[in-house]
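Below is one structure, written out as structure tokens; the observations come after it.
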């Protein structure tokens, strides 16, 4: 009995499915609604011979993967960048052709498996992104208000303290702007209120998590950094070596090597943006801190590097160092300790 390999090309409303045998013959190709139950039902007749069901990373992947796995399907998630490199070889790009090539990847095993995050990690990531969106909304509103006032020759300082009082004073002098600025100020207040609520929930979840509390013993790593790292990495055992986390976060330099040419470039930026951002902010706060306390060695190392290169390069290097350190402490179940002098 030949084994069956399936490729799923997922879109918002419909999913193209290609069913292929171990000899490479396509036995069926069709579309169903993008619904776990519908997909599972359409593959039921091959259930006993199913060897691998491949889908690529995307917005709906976490949900679909979790639901299909719960229904007993041997589902595998593959890197979308790798899949795109293969799919781009097709002369005609259609959902059916994409599903056919994904099924071929499943049959040949020519893919890089991607770990799908747990539900807890997904919820935490959603919380962190919601908080980030609320903070960005506040910043965008403030920039809009500043730009509108600048067009009238009014310069608004960037300080946050007393922001509302300064706007009120400006409206006294320019009453015609009241109908424009007051709605924006109300939106800003709402964004601040919701950001505070989301920040409170982030703080609560981080303080309640044993791993996050241990990670927060590391200099520069606070509530946001710890919860973001735990939610993004999800399982420390996915990395055999702690130094691999730096590449995962996109904090390692690019490299082009061919023959006698060997060029090192800027950092790849190919990893998770949210994780890379919080690691950079944690490193920057440690470098700029007046007194680092138990992080004196890390700060001294980064500042020495800064003296030889630049502030940004030193912060990026320290961010990578923090990523490796955080993972090592998480994996070993220890806490940060300064070296004895």
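In this note's numbering, the protein residues as written are 69 to 409. Even for Gly, the Cβ is constructed at its ideal location relative to N, Cα and C.
Residues near residue 217 by beta carbon distance below 6 Å, same chain, minus five either side:
Cβ neighbours of residue 217 beyond the five flanking positions: 224.
Quick one, are the C-beta atoms of residue 387 and residue 351 less than 8 Å apart?
yes
In three-state terms, what does DSSP make of residue 121?
Strand at residue 121.
Residue 409, buried or exposed, once every other Cβ within 10 Å from all chains shown has been counted against 16:
Low per-residue confidence applies at residue 409: pLDDT is 43, beneath 50, and the placement is therefore not dependable enough to give any value.
Classify residue 367 as buried or exposed, calling it buried when 16 or more other Cβ atoms lie within 10 Å of its own Cβ.
buried
What does the alpha-carbon distance come out to for the pair residue 397 and residue 353?
In this model, residue 397 and residue 353 are separated by some 20 Å (Cα to Cα).
Tell me, to the nearest whole angstrom, how far the beta carbon of residue 136 is from that of residue 75; I am working on the premise that it is less than 8 Å.
The pair is not a contact, with the Cβ atoms about 13 Å apart (cut-off 8 Å).
Can you tell me whether residue 284 is buried or exposed, with buried defined as 16 or more other CB within 10 angstroms of its CB?
buried
Every unbroken alpha helix (DSSP H) within the segment 255-291, with a cutoff of 4 residues, ordered by chain:
278-283
Quick one: what does DSSP say residue 297 is sitting in, helix, strand or coil?
The DSSP-derived three-state label of residue 297 is helix.
Ordered list of beta strand (DSSP E) runs contained in the segment 353-391, each at least 3 residues:
none
For residue 85, the nearest candidate out of 91, 130 and 167 (CA to CA):
167
Can you list, in chain order, the residues of its chain whose CB lies under 6 Å from that of residue 370, leaving out five sequence neighbours each side?
355, 382 and 386
When DSSP labels each residue in this structure, what does residue 317 get in the three-state scheme?
coil
Could you name the residues that DSSP lists as bridge partners for residue 101?
82
Coil, strand or helix - residue 346 by DSSP
helix
Rounding to the nearest angstrom, what Cα-Cα distance links residue 125 and residue 347 in this structure?
24 Å
Buried versus exposed, by CB contacts within 10 Å (16 or more), residue 174
buried
Starting from residue 184, trace the alpha helix (DSSP H) both ways and give me its first and last residue.
Looking at the DSSP string, residue 184 is not in any alpha helix (DSSP H), and its letter there is neither H nor E.
How many Å lie between residue 98 and residue 149 at the Cα?
For residue 98 and residue 149, the distance between alpha carbons rounds to 24 Å.
In the structure shown, what three-state DSSP assignment does residue 93 receive?
It is coil, neither helix nor strand.
For residue 316, collect the residues of the same chain with a Cβ closer than 6 Å to its Cβ; drop the 5 residues on either side in sequence, then sort them by chain order.
339
Indicate the three-state DSSP secondary structure (helix, strand or coil) for residue 72 in the structure shown.
Strand at residue 72.
Can at least three beta-carbon pairs, one atom from the segment 204-220 and one from the segment 245-265, be found at a separation below 8 Å?
yes
Quick check on this structure: which residue in 139, 233 and 281 has the alpha carbon closest to the alpha carbon of residue 402?
Out of 139, 233 and 281, 281 has the C-alpha closest to the C-alpha of residue 402.
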